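*Asks:* My questions will all concern the structure given below.
Numbering (UniProt numbering), first residue to last: 1 to 128.
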């Protein structure tokens, strides 16, 4: 099965040796996004709400570049440096998703790239 690299100028460029997303068949594997503003490649702010909103905007841009949208995401993995932010991340997620929500895992981690508070990756399935 051939794989297709997905790239969006409306999402941050990769900061390492990886693609923003890769499509294999009708499945798109979305690399983890952190709250970088694409135009500046700087962290949006220290505020967890703003960071989480920016992460979802970045994911949305990659989804659209792949021919889908956030509603096509079937699985999310959310990484947080402080699980005390769980409720905040949940609240922001409801601004970007409606029921039925994707499957999800939320994990506490010691650190994330660029010392951000949240990173989110996902899997999107497109119609053939």
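The beta-carbon is built from N, C-alpha and C at its ideal position, and this holds for glycine as well.
As the structure is a prediction and not an experimental result, all values here were calculated from the model.
With residue 124 and residue 72 assumed to form a contact (beta carbons below 8 Å), what rounded beta-carbon distance in angstroms separates them?
*Replies:* Contact holds; Cβ gap of about 5 Å.
*Asks:* Alpha carbons only, please: which of 48, 23, 120 and 50 is nearest the one belonging to residue 3?
*Replies:* For the residues 48, 23, 120 and 50, the minimum Cα distance to residue 3 belongs to 23.
*Asks:* From the DSSP output, read off the bridge partner residues of residue 26.
*Replies:* BP columns for residue 26 are empty, so no partner.
*Asks:* Can you pull the DSSP bridge partners for residue 54?
*Replies:* Note: residue 54 sits in no beta bridge, so no partner.
*Asks:* Looking at the unbroken alpha helix (DSSP H) that takes in residue 129, where does it start and where does it end?
*Replies:* Residue 129 falls outside the range modelled here, since the chain spans only 1 to 128, and no answer is possible.
*Asks:* Hey, would you say residue 48 sits closer than 9 Å to residue 5, going by beta carbons?
*Replies:* Contact: no.
*Asks:* Which residues in the same chain as residue 35 place their Cβ atom closer than 6 Å to its Cβ, once the five residues preceding and following it in sequence are excluded?
*Replies:* Result list for residue 35: 43, 44, 51, 54, 55 and 116, in chain order.
*Asks:* Mapping DSSP to helix, strand and coil, what is residue 126?
*Replies:* Coil, per DSSP.
*Asks:* Across which residues does DSSP place residue 79 in a beta bridge pair?
*Replies:* Beta-bridge pairing links residue 79 to 107 and 119.
*Asks:* Provide the residue(s) that pair with residue 3 in DSSP beta bridges, ordered along the chain.
*Replies:* 24, per the DSSP bridge assignment.
*Asks:* Are the CB atoms of residue 122 and residue 76 nearer to each other than 9 Å?
*Replies:* Yes, they are a contact pair.
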